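Residue numbering for the sequence shown is -22 to -1, 1 to 517, as defined by mature numbering (1 follows the signal peptide of the UniProt record, and there is no 0). The beta-carbon is built from N, C-alpha and C at its ideal position, and this holds for glycine as well. Quantities reported herein were computed from a predicted structural model and do not represent experimental measurements.
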Amino acid sequence: MNFRKSRLIIVLFVLLQLIVCSQNHKLSEILKKIGKRYNGNPALEEMLVDLKQMKAFKNRPDEEINDLKDNVAESFALHVLGQSSVKFRWIRSAFALASLMDEDMTAELCGTDIILNKYQFLHYLRRARISIERITDETKYSYEVLLTEKDVLNTIITVDLTSKWGFPAPVIWNVTAKYSTKESQNLYKIKKIVVGGGCMDHGRVNHKYTQSEVRRETLENFQRNNGHVAFRNLTDILLQDPSRVREEATDKIPSLWLEGLDDNPGFLNITVCEYENVDPSIRTKTQFLSWYKRFGQMWHPKENDTDYIRIQPLNVQKAKSTFRITMRLQPGKRDNATTFDFDFKVTIDVNQHGDLKVYITRLEVLCNPMIDYMDESLKAIREVVTENFLESIRTITPPIPWYSSVEFISKFSNNKSIEVSICDVGEKTNLTQIEILLFHRGNVKSVELKLYRIDYDDIPLPALEQSYFRLYTISSYSEKTLKEKLQIAKQYDMDNLKDGVLSRIKNAADIRSVLSYDVNEMDPSVVAALLQKALSYLP
(Lines of atoms letter the chains of each structure in order from A and count residues from 1; the text may use other names and numbers.)
(Lines give C-alpha, C1' and ligand atoms only; values in the text may rest on other atoms or scores of the structure.)
Protein backbone atom coordinates (compact mmCIF):
# COMPACT_ATOMS: atom_id res chain seq x y z
CA MET A 1 0.00 0.00 0.00
CA ASN A 2 1.52 3.35 -1.03
CA PHE A 3 1.59 6.49 1.06
CA ARG A 4 -1.26 8.18 -0.79
CA LYS A 5 -3.64 5.25 -0.27
CA SER A 6 -2.71 4.92 3.40
CA ARG A 7 -3.26 8.63 3.93
CA LEU A 8 -6.69 8.49 2.25
CA ILE A 9 -7.71 5.54 4.44
CA ILE A 10 -6.63 7.41 7.57
CA VAL A 11 -8.57 10.51 6.52
CA LEU A 12 -11.66 8.43 5.70
CA PHE A 13 -11.42 6.70 9.07
CA VAL A 14 -11.15 10.04 10.85
CA LEU A 15 -14.16 11.44 9.01
CA LEU A 16 -16.25 8.40 9.88
CA GLN A 17 -15.26 8.77 13.51
CA LEU A 18 -16.16 12.45 13.45
CA ILE A 19 -19.58 11.75 11.97
CA VAL A 20 -20.42 9.13 14.58
CA CYS A 21 -19.08 11.10 17.51
CA SER A 22 -20.60 14.39 16.44
CA GLN A 23 -23.95 12.66 16.57
CA ASN A 24 -23.15 11.69 20.18
CA HIS A 25 -22.05 15.27 21.02
CA LYS A 26 -18.43 14.20 21.62
CA LEU A 27 -16.73 16.12 18.81
CA SER A 28 -14.23 18.00 20.98
CA GLU A 29 -13.26 14.84 22.87
CA ILE A 30 -12.71 12.78 19.74
CA LEU A 31 -10.64 15.56 18.15
CA LYS A 32 -8.34 15.49 21.14
CA LYS A 33 -7.98 11.70 21.02
CA ILE A 34 -7.39 11.59 17.28
CA GLY A 35 -4.94 14.46 17.54
CA LYS A 36 -2.88 12.51 20.05
CA ARG A 37 -3.13 9.21 18.19
CA TYR A 38 -2.06 10.57 14.81
CA ASN A 39 0.29 13.28 16.00
CA GLY A 40 3.05 13.92 13.47
CA ASN A 41 1.02 13.35 10.27
CA PRO A 42 1.07 16.80 8.53
CA ALA A 43 -1.92 16.12 6.27
CA LEU A 44 -4.05 14.90 9.15
CA GLU A 45 -2.98 17.69 11.45
CA GLU A 46 -3.90 20.25 8.79
CA MET A 47 -7.32 18.66 8.36
CA LEU A 48 -7.93 18.70 12.12
CA VAL A 49 -6.96 22.35 12.31
CA ASP A 50 -9.38 23.13 9.47
CA LEU A 51 -12.17 21.31 11.25
CA LYS A 52 -11.52 23.16 14.50
CA GLN A 53 -11.44 26.52 12.73
CA MET A 54 -14.65 25.77 10.81
CA LYS A 55 -16.37 24.71 14.04
CA ALA A 56 -15.26 27.92 15.69
CA PHE A 57 -16.45 29.94 12.70
CA LYS A 58 -19.92 28.39 12.73
CA ASN A 59 -20.21 29.10 16.45
CA ARG A 60 -19.74 32.83 15.89
CA PRO A 61 -22.89 34.96 16.43
CA ASP A 62 -25.25 35.43 13.47
CA GLU A 63 -24.87 39.22 13.59
CA GLU A 64 -21.10 38.94 13.35
CA ILE A 65 -21.35 36.53 10.39
CA ASN A 66 -23.86 38.80 8.63
CA ASP A 67 -21.53 41.80 9.01
CA LEU A 68 -18.66 39.74 7.63
CA LYS A 69 -20.73 38.61 4.64
CA ASP A 70 -21.81 42.18 3.93
CA ASN A 71 -18.21 43.42 3.95
CA VAL A 72 -17.04 40.57 1.73
CA ALA A 73 -19.94 41.06 -0.70
CA GLU A 74 -19.13 44.76 -0.99
CA SER A 75 -15.47 43.98 -1.68
CA PHE A 76 -16.58 41.51 -4.38
CA ALA A 77 -18.79 44.21 -5.93
CA LEU A 78 -16.00 46.80 -5.90
CA HIS A 79 -13.62 44.38 -7.60
CA VAL A 80 -16.24 43.47 -10.24
CA LEU A 81 -16.71 47.19 -10.89
CA GLY A 82 -12.99 47.98 -10.84
CA GLN A 83 -11.97 45.32 -13.35
CA SER A 84 -14.77 46.05 -15.84
CA SER A 85 -12.97 48.42 -18.23
CA VAL A 86 -9.45 48.75 -19.60
CA LYS A 87 -10.02 52.49 -19.52
CA PHE A 88 -9.85 52.33 -15.73
CA ARG A 89 -7.29 51.11 -13.18
CA TRP A 90 -8.46 47.55 -13.70
CA ILE A 91 -5.33 45.48 -12.98
CA ARG A 92 -5.45 45.55 -9.17
CA SER A 93 -9.13 44.59 -9.06
CA ALA A 94 -8.64 41.87 -11.70
CA PHE A 95 -5.82 40.24 -9.73
CA ALA A 96 -7.73 40.56 -6.46
CA LEU A 97 -10.81 38.96 -7.99
CA ALA A 98 -8.72 36.13 -9.45
CA SER A 99 -7.13 35.46 -6.05
CA LEU A 100 -10.58 35.16 -4.48
CA MET A 101 -11.67 32.50 -6.97
CA ASP A 102 -11.35 28.87 -5.97
CA GLU A 103 -9.24 26.81 -8.37
CA ASP A 104 -12.29 24.61 -9.07
CA MET A 105 -14.75 27.47 -9.59
CA THR A 106 -17.11 27.51 -12.58
CA ALA A 107 -18.85 30.31 -14.46
CA GLU A 108 -22.01 30.34 -16.58
CA LEU A 109 -22.76 32.97 -19.23
CA CYS A 110 -26.10 34.56 -20.03
CA GLY A 111 -28.40 31.55 -20.02
CA THR A 112 -26.22 29.49 -22.36
CA ASP A 113 -24.89 26.00 -21.78
CA ILE A 114 -21.37 27.46 -21.70
CA ILE A 115 -19.58 26.51 -18.48
CA LEU A 116 -16.15 28.03 -18.02
CA ASN A 117 -13.39 27.07 -15.63
CA LYS A 118 -11.43 29.72 -13.74
CA TYR A 119 -8.87 30.37 -16.45
CA GLN A 120 -11.40 30.41 -19.29
CA PHE A 121 -13.49 32.88 -17.31
CA LEU A 122 -10.52 35.15 -16.64
CA HIS A 123 -9.76 35.07 -20.37
CA TYR A 124 -13.40 35.97 -21.07
CA LEU A 125 -13.13 38.93 -18.68
CA ARG A 126 -10.00 40.15 -20.48
CA ARG A 127 -12.04 40.48 -23.66
CA ALA A 128 -15.19 41.78 -22.00
CA ARG A 129 -13.46 44.80 -20.46
CA ILE A 130 -12.22 45.88 -23.91
CA SER A 131 -15.82 46.63 -24.94
CA ILE A 132 -16.70 48.84 -21.94
CA GLU A 133 -16.34 52.61 -21.67
CA ARG A 134 -14.39 54.25 -18.89
CA ILE A 135 -15.69 53.83 -15.34
CA THR A 136 -16.27 57.10 -13.47
CA ASP A 137 -17.31 58.18 -9.99
CA GLU A 138 -20.85 58.27 -11.36
CA THR A 139 -20.84 54.58 -12.32
CA LYS A 140 -23.43 52.88 -10.16
CA TYR A 141 -23.12 49.49 -8.53
CA SER A 142 -25.11 47.56 -5.95
CA TYR A 143 -25.05 44.24 -4.15
CA GLU A 144 -27.50 42.10 -2.22
CA VAL A 145 -26.62 39.32 0.22
CA LEU A 146 -29.04 36.39 0.20
CA LEU A 147 -29.88 34.30 3.25
CA THR A 148 -27.74 31.14 3.36
CA GLU A 149 -25.78 28.92 5.75
CA LYS A 150 -23.00 30.64 7.65
CA ASP A 151 -20.23 29.10 5.57
CA VAL A 152 -21.94 30.03 2.26
CA LEU A 153 -22.07 33.55 0.82
CA ASN A 154 -24.50 34.22 -2.03
CA THR A 155 -24.56 37.78 -3.35
CA ILE A 156 -26.15 39.45 -6.39
CA ILE A 157 -23.92 42.20 -7.81
CA THR A 158 -25.18 44.73 -10.37
CA VAL A 159 -22.92 47.20 -12.20
CA ASP A 160 -24.30 49.80 -14.62
CA LEU A 161 -21.74 49.85 -17.42
CA THR A 162 -21.76 51.56 -20.81
CA SER A 163 -20.73 49.79 -24.01
CA LYS A 164 -18.09 51.40 -26.22
CA TRP A 165 -20.86 51.22 -28.85
CA GLY A 166 -22.65 53.97 -26.91
CA PHE A 167 -25.52 52.21 -25.13
CA PRO A 168 -26.04 50.77 -21.62
CA ALA A 169 -24.49 47.35 -20.97
CA PRO A 170 -25.32 46.46 -17.35
CA VAL A 171 -23.93 43.25 -15.89
CA ILE A 172 -25.29 41.13 -13.06
CA TRP A 173 -23.15 38.58 -11.25
CA ASN A 174 -24.72 35.92 -9.07
CA VAL A 175 -21.75 34.91 -6.91
CA THR A 176 -21.64 31.89 -4.63
CA ALA A 177 -18.68 31.63 -2.26
CA LYS A 178 -17.73 29.07 0.36
CA TYR A 179 -15.87 29.82 3.58
CA SER A 180 -12.43 28.24 3.51
CA THR A 181 -10.02 27.54 6.37
CA LYS A 182 -7.41 25.87 4.18
CA GLU A 183 -3.86 27.05 4.77
CA SER A 184 -5.26 29.33 7.50
CA GLN A 185 -6.81 31.63 4.88
CA ASN A 186 -10.11 31.98 6.72
CA LEU A 187 -12.00 33.69 3.92
CA TYR A 188 -14.84 33.19 1.45
CA LYS A 189 -13.60 31.68 -1.83
CA ILE A 190 -15.73 32.05 -4.96
CA LYS A 191 -17.06 28.68 -6.16
CA LYS A 192 -19.56 29.73 -8.82
CA ILE A 193 -20.45 32.80 -10.87
CA VAL A 194 -23.52 33.16 -13.09
CA VAL A 195 -23.22 36.18 -15.39
CA GLY A 196 -26.39 37.92 -16.52
CA GLY A 197 -27.65 41.42 -17.18
CA GLY A 198 -27.85 42.89 -20.66
CA CYS A 199 -25.73 40.08 -22.14
CA MET A 200 -24.74 42.18 -25.13
CA ASP A 201 -21.96 39.86 -26.34
CA HIS A 202 -23.07 36.30 -25.52
CA GLY A 203 -26.25 34.31 -24.93
CA ARG A 204 -29.79 35.68 -24.86
CA VAL A 205 -30.09 39.45 -24.69
CA ASN A 206 -32.23 40.64 -21.77
CA HIS A 207 -34.45 43.34 -23.31
CA LYS A 208 -35.16 44.73 -19.88
CA TYR A 209 -31.79 46.45 -20.21
CA THR A 210 -31.94 47.58 -23.86
CA GLN A 211 -32.77 51.14 -24.85
CA SER A 212 -34.93 51.93 -27.86
CA GLU A 213 -36.80 54.99 -28.99
CA VAL A 214 -39.33 52.57 -30.45
CA ARG A 215 -38.92 49.89 -27.79
CA ARG A 216 -42.53 48.71 -27.71
CA GLU A 217 -42.91 48.33 -31.47
CA THR A 218 -39.43 46.84 -31.76
CA LEU A 219 -39.94 44.27 -29.04
CA GLU A 220 -43.33 43.30 -30.44
CA ASN A 221 -41.67 42.57 -33.78
CA PHE A 222 -38.92 40.54 -32.16
CA GLN A 223 -41.30 38.64 -29.89
CA ARG A 224 -43.07 37.36 -32.98
CA ASN A 225 -39.77 35.69 -33.85
CA ASN A 226 -39.09 34.23 -30.39
CA GLY A 227 -37.05 37.21 -29.27
CA HIS A 228 -35.07 37.79 -32.44
CA VAL A 229 -35.67 39.10 -35.94
CA ALA A 230 -35.48 36.83 -38.97
CA PHE A 231 -32.08 37.11 -40.65
CA ARG A 232 -33.75 37.53 -44.04
CA ASN A 233 -35.48 40.68 -42.78
CA LEU A 234 -32.10 42.27 -42.11
CA THR A 235 -30.70 41.06 -45.43
CA ASP A 236 -33.72 42.48 -47.25
CA ILE A 237 -33.10 46.01 -46.01
CA LEU A 238 -29.37 45.82 -46.79
CA LEU A 239 -29.88 44.69 -50.40
CA GLN A 240 -31.06 46.95 -53.20
CA ASP A 241 -32.85 43.93 -54.69
CA PRO A 242 -34.30 41.78 -51.84
CA SER A 243 -35.28 39.03 -54.30
CA ARG A 244 -31.58 38.16 -54.53
CA VAL A 245 -31.83 36.46 -51.13
CA ARG A 246 -32.81 33.36 -53.09
CA GLU A 247 -29.24 33.29 -54.43
CA GLU A 248 -27.87 32.28 -51.02
CA ALA A 249 -26.58 28.70 -50.81
CA THR A 250 -28.16 26.93 -47.85
CA ASP A 251 -25.06 24.87 -47.07
CA LYS A 252 -22.73 27.88 -46.70
CA ILE A 253 -22.61 30.88 -44.41
CA PRO A 254 -24.60 33.82 -45.83
CA SER A 255 -22.66 36.55 -47.60
CA LEU A 256 -25.20 38.81 -49.33
CA TRP A 257 -25.75 40.79 -46.14
CA LEU A 258 -22.16 42.03 -46.38
CA GLU A 259 -23.12 44.03 -49.46
CA GLY A 260 -24.46 46.49 -46.90
CA LEU A 261 -20.93 47.35 -45.70
CA ASP A 262 -20.23 51.03 -46.25
CA ASP A 263 -17.73 51.58 -49.07
CA ASN A 264 -16.40 54.74 -47.45
CA PRO A 265 -13.55 53.70 -45.09
CA GLY A 266 -14.10 56.88 -43.09
CA PHE A 267 -17.54 55.61 -42.03
CA LEU A 268 -16.68 51.92 -41.55
CA ASN A 269 -15.14 50.30 -38.47
CA ILE A 270 -14.43 46.52 -38.53
CA THR A 271 -12.59 44.35 -36.01
CA VAL A 272 -12.18 40.56 -35.92
CA CYS A 273 -11.51 38.57 -32.77
CA GLU A 274 -7.95 37.35 -32.36
CA TYR A 275 -7.57 34.61 -29.78
CA GLU A 276 -4.30 35.81 -28.26
CA ASN A 277 -4.75 39.54 -28.93
CA VAL A 278 -7.58 40.92 -26.82
CA ASP A 279 -7.48 44.28 -28.62
CA PRO A 280 -7.54 43.37 -32.35
CA SER A 281 -6.57 45.86 -35.03
CA ILE A 282 -9.08 47.53 -37.33
CA ARG A 283 -9.56 45.89 -40.73
CA THR A 284 -10.50 47.39 -44.05
CA LYS A 285 -13.55 46.18 -45.95
CA THR A 286 -11.33 44.25 -48.37
CA GLN A 287 -9.40 42.60 -45.52
CA PHE A 288 -12.60 41.59 -43.77
CA LEU A 289 -14.19 40.13 -46.90
CA SER A 290 -11.01 38.09 -47.43
CA TRP A 291 -11.21 36.87 -43.82
CA TYR A 292 -14.92 36.03 -44.18
CA LYS A 293 -14.23 34.00 -47.33
CA ARG A 294 -11.61 31.93 -45.52
CA PHE A 295 -13.91 31.64 -42.51
CA GLY A 296 -16.53 30.16 -44.83
CA GLN A 297 -14.07 27.57 -46.11
CA MET A 298 -13.80 26.11 -42.61
CA TRP A 299 -17.21 26.81 -40.98
CA HIS A 300 -20.68 26.10 -42.33
CA PRO A 301 -24.26 25.40 -41.13
CA LYS A 302 -24.97 21.85 -40.09
CA GLU A 303 -26.83 19.94 -42.77
CA ASN A 304 -30.60 20.54 -42.66
CA ASP A 305 -30.21 23.16 -39.90
CA THR A 306 -32.63 25.82 -41.14
CA ASP A 307 -32.59 27.85 -37.92
CA TYR A 308 -28.87 28.36 -37.44
CA ILE A 309 -29.00 32.18 -37.46
CA ARG A 310 -30.64 34.48 -34.94
CA ILE A 311 -30.53 38.26 -34.62
CA GLN A 312 -31.07 40.08 -31.33
CA PRO A 313 -31.45 43.87 -30.98
CA LEU A 314 -29.03 45.58 -28.63
CA ASN A 315 -29.99 49.19 -29.23
CA VAL A 316 -32.70 50.32 -31.65
CA GLN A 317 -33.01 53.98 -32.62
CA LYS A 318 -34.67 55.73 -35.55
CA ALA A 319 -31.48 56.48 -37.48
CA LYS A 320 -29.04 53.93 -36.05
CA SER A 321 -29.51 50.43 -34.62
CA THR A 322 -27.17 47.77 -33.27
CA PHE A 323 -27.82 44.03 -33.47
CA ARG A 324 -26.00 40.87 -32.53
CA ILE A 325 -26.04 38.17 -35.21
CA THR A 326 -25.37 34.66 -33.92
CA MET A 327 -24.54 31.81 -36.31
CA ARG A 328 -24.49 28.20 -35.10
CA LEU A 329 -21.81 26.62 -37.27
CA GLN A 330 -19.92 23.38 -37.73
CA PRO A 331 -16.26 23.02 -38.76
CA GLY A 332 -14.93 20.79 -41.51
CA LYS A 333 -16.91 18.23 -43.47
CA ARG A 334 -17.86 15.60 -40.89
CA ASP A 335 -21.56 15.43 -40.05
CA ASN A 336 -20.92 14.63 -36.38
CA ALA A 337 -18.60 17.59 -35.74
CA THR A 338 -19.50 19.78 -32.74
CA THR A 339 -21.34 23.03 -33.49
CA PHE A 340 -20.31 26.38 -31.99
CA ASP A 341 -21.91 29.81 -31.82
CA PHE A 342 -20.24 32.73 -33.58
CA ASP A 343 -21.37 36.26 -32.72
CA PHE A 344 -21.22 39.36 -34.94
CA LYS A 345 -22.15 42.78 -33.54
CA VAL A 346 -23.42 45.06 -36.29
CA THR A 347 -24.49 48.70 -36.40
CA ILE A 348 -26.62 49.86 -39.33
CA ASP A 349 -27.17 53.51 -40.22
CA VAL A 350 -30.14 54.82 -42.18
CA ASN A 351 -29.53 57.56 -44.73
CA GLN A 352 -25.84 57.76 -43.80
CA HIS A 353 -24.97 59.54 -47.06
CA GLY A 354 -28.29 61.26 -47.70
CA ASP A 355 -29.38 58.61 -50.20
CA LEU A 356 -32.08 56.95 -48.04
CA LYS A 357 -30.12 53.67 -48.10
CA VAL A 358 -29.10 51.47 -45.17
CA TYR A 359 -25.41 50.82 -44.49
CA ILE A 360 -23.40 48.69 -42.08
CA THR A 361 -21.01 51.16 -40.47
CA ARG A 362 -19.64 49.05 -37.63
CA LEU A 363 -18.98 45.33 -37.36
CA GLU A 364 -17.20 43.31 -34.69
CA VAL A 365 -16.57 39.56 -34.76
CA LEU A 366 -16.61 38.37 -31.15
CA CYS A 367 -14.61 35.53 -29.62
CA ASN A 368 -16.44 32.49 -28.31
CA PRO A 369 -14.75 31.86 -24.92
CA MET A 370 -15.18 28.09 -25.37
CA ILE A 371 -13.39 27.82 -28.70
CA ASP A 372 -9.67 27.45 -29.20
CA TYR A 373 -9.77 28.51 -32.85
CA MET A 374 -6.35 27.13 -33.75
CA ASP A 375 -7.11 23.69 -32.29
CA GLU A 376 -10.54 23.45 -33.93
CA SER A 377 -9.16 24.64 -37.26
CA LEU A 378 -6.31 22.14 -37.17
CA LYS A 379 -8.70 19.29 -36.38
CA ALA A 380 -10.98 20.20 -39.29
CA ILE A 381 -8.57 21.57 -41.89
CA ARG A 382 -7.64 18.14 -43.23
CA GLU A 383 -11.13 17.32 -44.49
CA VAL A 384 -11.64 20.87 -45.80
CA VAL A 385 -8.42 20.72 -47.80
CA THR A 386 -9.17 17.17 -48.94
CA GLU A 387 -12.64 18.16 -50.16
CA ASN A 388 -11.12 21.01 -52.17
CA PHE A 389 -8.48 18.60 -53.47
CA LEU A 390 -11.17 16.22 -54.69
CA GLU A 391 -13.18 19.05 -56.24
CA SER A 392 -10.13 20.26 -58.15
CA ILE A 393 -9.41 16.74 -59.39
CA ARG A 394 -13.02 16.19 -60.49
CA THR A 395 -12.94 19.25 -62.74
CA ILE A 396 -10.06 17.88 -64.85
CA THR A 397 -10.57 15.18 -67.45
CA PRO A 398 -8.33 12.21 -66.61
CA PRO A 399 -5.57 11.32 -66.93
CA ILE A 400 -4.51 14.28 -64.77
CA PRO A 401 -0.99 15.72 -64.59
CA TRP A 402 0.05 14.98 -61.01
CA TYR A 403 1.18 18.55 -60.36
CA SER A 404 -2.40 19.75 -60.88
CA SER A 405 -3.30 17.92 -57.68
CA VAL A 406 -0.82 20.09 -55.79
CA GLU A 407 -1.82 23.41 -57.34
CA PHE A 408 -5.13 23.55 -55.44
CA ILE A 409 -3.24 24.17 -52.18
CA SER A 410 -2.50 27.70 -53.35
CA LYS A 411 -6.07 28.74 -52.43
CA PHE A 412 -5.20 28.08 -48.78
CA SER A 413 -1.91 29.97 -48.94
CA ASN A 414 -0.84 33.55 -48.35
CA ASN A 415 -0.20 35.43 -51.59
CA LYS A 416 -0.36 32.12 -53.52
CA SER A 417 3.03 31.18 -52.06
CA ILE A 418 3.59 27.57 -51.01
CA GLU A 419 6.49 25.28 -50.33
CA VAL A 420 6.35 21.75 -51.72
CA SER A 421 8.66 18.88 -50.88
CA ILE A 422 8.31 15.78 -53.06
CA CYS A 423 10.22 12.57 -52.38
CA ASP A 424 13.75 12.87 -53.72
CA VAL A 425 13.09 16.11 -55.58
CA GLY A 426 13.59 18.29 -52.51
CA GLU A 427 11.82 21.44 -51.39
CA LYS A 428 10.55 24.00 -53.88
CA THR A 429 8.39 27.08 -53.48
CA ASN A 430 7.19 27.39 -57.05
CA LEU A 431 4.97 24.86 -58.80
CA THR A 432 6.41 25.73 -62.20
CA GLN A 433 9.90 24.94 -60.90
CA ILE A 434 8.71 21.54 -59.74
CA GLU A 435 6.94 20.89 -63.04
CA ILE A 436 10.02 21.73 -65.12
CA LEU A 437 12.39 19.85 -62.82
CA LEU A 438 10.39 16.66 -63.00
CA PHE A 439 9.95 16.96 -66.74
CA HIS A 440 13.69 17.43 -67.00
CA ARG A 441 14.22 14.19 -65.10
CA GLY A 442 11.87 12.42 -67.46
CA ASN A 443 9.22 11.88 -64.75
CA VAL A 444 6.39 13.09 -66.96
CA LYS A 445 3.43 11.21 -65.53
CA SER A 446 -0.31 11.64 -65.28
CA VAL A 447 -2.43 10.23 -62.48
CA GLU A 448 -5.91 8.89 -61.95
CA LEU A 449 -7.06 9.04 -58.34
CA LYS A 450 -8.25 5.66 -57.06
CA LEU A 451 -8.44 5.97 -53.27
CA TYR A 452 -7.67 8.45 -50.50
CA ARG A 453 -7.49 8.35 -46.70
CA ILE A 454 -7.29 11.17 -44.16
CA ASP A 455 -5.11 10.53 -41.11
CA TYR A 456 -7.03 11.57 -37.97
CA ASP A 457 -4.73 9.73 -35.57
CA ASP A 458 -1.94 12.27 -35.79
CA ILE A 459 -3.27 15.70 -34.73
CA PRO A 460 -0.50 17.67 -32.99
CA LEU A 461 -2.36 19.56 -30.23
CA PRO A 462 -2.20 22.19 -28.92
CA ALA A 463 -1.98 23.72 -32.37
CA LEU A 464 0.92 25.98 -33.26
CA GLU A 465 1.05 28.67 -35.93
CA GLN A 466 2.77 26.11 -38.18
CA SER A 467 1.46 22.56 -38.19
CA TYR A 468 0.81 19.65 -40.52
CA PHE A 469 -1.59 16.88 -41.47
CA ARG A 470 -1.36 13.77 -43.60
CA LEU A 471 -3.45 12.82 -46.63
CA TYR A 472 -2.72 9.51 -48.33
CA THR A 473 -3.72 8.88 -51.95
CA ILE A 474 -3.49 5.86 -54.22
CA SER A 475 -3.33 6.61 -57.93
CA SER A 476 -2.62 4.86 -61.17
CA TYR A 477 -0.63 6.75 -63.76
CA SER A 478 -0.50 6.72 -67.53
CA GLU A 479 2.85 7.28 -69.24
CA LYS A 480 2.94 10.16 -71.69
CA THR A 481 3.64 9.19 -75.28
CA LEU A 482 7.05 9.75 -76.85
CA LYS A 483 5.51 12.41 -79.05
CA GLU A 484 4.07 14.28 -76.03
CA LYS A 485 7.42 14.15 -74.27
CA LEU A 486 9.19 15.60 -77.32
CA GLN A 487 6.64 18.41 -77.43
CA ILE A 488 7.29 19.16 -73.75
CA ALA A 489 11.05 19.01 -74.30
CA LYS A 490 10.72 21.61 -77.03
CA GLN A 491 8.38 23.82 -74.99
CA TYR A 492 10.67 23.87 -71.95
CA ASP A 493 13.99 23.51 -73.82
CA MET A 494 14.86 20.25 -72.04
CA ASP A 495 17.78 18.61 -73.83
CA ASN A 496 18.05 15.74 -71.36
CA LEU A 497 14.40 14.81 -71.82
CA LYS A 498 14.77 15.07 -75.62
CA ASP A 499 17.86 12.85 -75.60
CA GLY A 500 16.08 10.31 -73.38
CA VAL A 501 13.14 10.07 -75.78
CA LEU A 502 15.35 9.75 -78.85
CA SER A 503 17.26 6.92 -77.19
CA ARG A 504 13.98 4.97 -76.86
CA ILE A 505 13.16 5.17 -80.57
CA LYS A 506 14.18 1.76 -81.93
CA ASN A 507 12.32 1.27 -85.21
CA ALA A 508 10.31 2.87 -88.01
CA ALA A 509 7.05 2.53 -86.04
CA ASP A 510 8.52 4.61 -83.23
CA ILE A 511 9.58 7.27 -85.74
CA ARG A 512 6.08 7.43 -87.24
CA SER A 513 4.55 7.77 -83.74
CA VAL A 514 6.46 10.97 -82.97
CA LEU A 515 6.10 12.72 -86.32
CA SER A 516 3.71 15.67 -86.52
CA TYR A 517 1.54 16.47 -89.50
CA ASP A 518 3.47 19.72 -89.79
CA VAL A 519 7.17 18.99 -89.50
CA ASN A 520 7.78 22.72 -89.07
CA GLU A 521 6.26 22.43 -85.57
CA MET A 522 8.98 20.02 -84.53
CA ASP A 523 12.39 20.79 -83.07
CA PRO A 524 14.81 20.87 -86.06
CA SER A 525 17.39 18.92 -84.08
CA VAL A 526 14.78 16.21 -83.43
CA VAL A 527 13.88 16.07 -87.14
CA ALA A 528 17.56 15.68 -88.00
CA ALA A 529 18.02 12.95 -85.40
CA LEU A 530 14.94 11.08 -86.65
CA LEU A 531 16.18 11.33 -90.23
CA GLN A 532 19.53 9.90 -89.19
CA LYS A 533 17.78 7.04 -87.34
CA ALA A 534 15.56 6.37 -90.38
CA LEU A 535 18.59 6.12 -92.63
CA SER A 536 20.22 3.68 -90.22
CA TYR A 537 17.20 1.38 -90.47
CA LEU A 538 17.50 1.10 -94.28
CA PRO A 539 18.76 -2.29 -95.47
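### Message
Going by DSSP, what residue range makes up the alpha helix (DSSP H) through Ser491?
### Response
Ala486 to Val492
### Query
Residue range of the beta strand (DSSP E) that Met305 falls in?
Lys298 to Pro309
### Message
Between Gly310, Ile466, Gln465 and Val64, which has its C-alpha nearest Tyr351's C-alpha?
### Response
Gly310
### Proximity test, Lys458 beta-carbon vs the ligand FAD heavy atom, cut-off 7 Å
As far as ligands go, the structure on display features none, and thus does not contain the ligand FAD.
### Task
Would you kindly report the start and end of the unbroken beta strand (DSSP E) that includes Lys463?
Looking at the DSSP string, Lys463 is not in any beta strand (DSSP E); the run it does join, the alpha helix (DSSP H), is Leu460 to Gln469.
### Task
Using alpha carbons as the reference points, say which of Leu234, Pro232, Ile231 and Tyr270 lies closest to Ile248.
Tyr270
### Task
Return the bridge partner residues of Leu124 from the DSSP annotation.
Asn132
### Message
Using the three-state DSSP reduction, which class does Ser(-17) fall into: helix, strand or coil?
### Response
With a pLDDT of only 43 at Ser(-17), under 50, the local geometry of the prediction cannot be trusted, and the value read off the model is given with reservation. In the structure shown, Ser(-17) sits in a helix (DSSP, three-state: H, G or I).
### Task
Mind checking who Met79 pairs with in its DSSP beta bridge?
Ile168
### Task
Note down the Cα distance separating Asp115 from Ile134, rounded to an integer number of angstroms.
21 Å
### Message
Quick check: what's the CA-CA separation for Ser491 versus Lys484?
### Response
11 Å
### Task
Return the residue from the list His101, Val479, Tyr187 and Pro232 that minimises the CA-CA distance to Cys251.
His101
### Query
Distance, Cα to Cα, Leu358 vs Tyr97?
In the sequence on display, residue 358 carries Ala and not Leu. The straight-line gap from Cα to Cα measures roughly 25 Å.
### Message
Under 8 Å, with one C-beta from each stretch per pair, do the region 168 to 180 and the region 35 to 45 reach the 3-pair mark?
### Response
no
### Query
Relative to the alpha-carbon of Lys33, which residue among Pro438, Lys128 and Gly274 has its alpha-carbon at the smallest distance?
Lys128
### Boundaries (first-last residue) of the beta strand (DSSP E) holding Leu334
No beta strand (DSSP E) holds Leu334; DSSP gives it neither H nor E.
### Message
Would Ser158 and Thr136 qualify as a contact pair, given that the criterion is a beta-carbon distance under 8 Å?
### Response
no
### Query
On the three-pair Cβ rule with 8 Å, is the region 470 to 479 touching the region 433 to 445?
no
### Task
Select from Ser503, Phe73, Val362 and Ser63 the residue whose C-alpha is nearest the C-alpha of Phe273.
Val362
### Query
Is it right to say Asn293 is buried, meaning 16 or more other beta carbons lie within 10 angstroms of its own, or is it exposed?
buried
### Message
In the DSSP output, what is Trp277 paired with across the bridge?
### Response
Pro309
### Message
Three Cβ pairs or more, each shorter than 8 Å: is that satisfied between the region 297 to 314 and the region 276 to 286?
### Response
yes
### Spatial distance of Tyr446 from Arg302 (CA atoms)
35 Å
### Query
Thinking C-alpha only, which one of Leu516, Ala297 and Ile466 is nearest Gly332?
Ala297
### Task
State the start and end residues of the unbroken alpha helix (DSSP H) segment that holds Val58.
Asp40 to Gly60
#### Entry: Simplified DSSP assignment, three categories, for Trp151
strand
### Message
Checking 8 Å against the spacing of the C-beta atoms, do Ala506 and Ile489 come in under that value?
### Response
no
### Query
Looking only at C-alpha atoms, which of Thr84, Ser53 and Asp240 sits nearest to Ala72?
Ser53
### Query
With Leu307 and Trp277 assumed to form a contact (beta carbons below 8 Å), what rounded beta-carbon distance in angstroms separates them?
4 Å
### Task
Look at the alpha carbon of Asp240 and the alpha carbon of Leu464, and state the distance between them as a whole number of angstroms.
56 Å
### Query
DSSP on Arg448, reduced to helix/strand/coil?
coil
### Query
Among Ile349, Pro291, Ser141 and Pro258, which residue has its Cα nearest to the Cα of Ile92?
Ile349
### Task
Check Leu239 in the structure and name its three-state DSSP category.
strand
### Message
Using only CA atoms, which one of Val324, Arg261, Thr264 and Thr262 lies nearest to Arg288?
### Response
Val324
### Message
Applying the 10 Å Cβ sphere with the 16-neighbour rule, what's the burial state of Ser514?
### Response
exposed
### Query
In whole angstroms, what is the alpha-carbon distance linking Lys335 and Glu237?
12 Å
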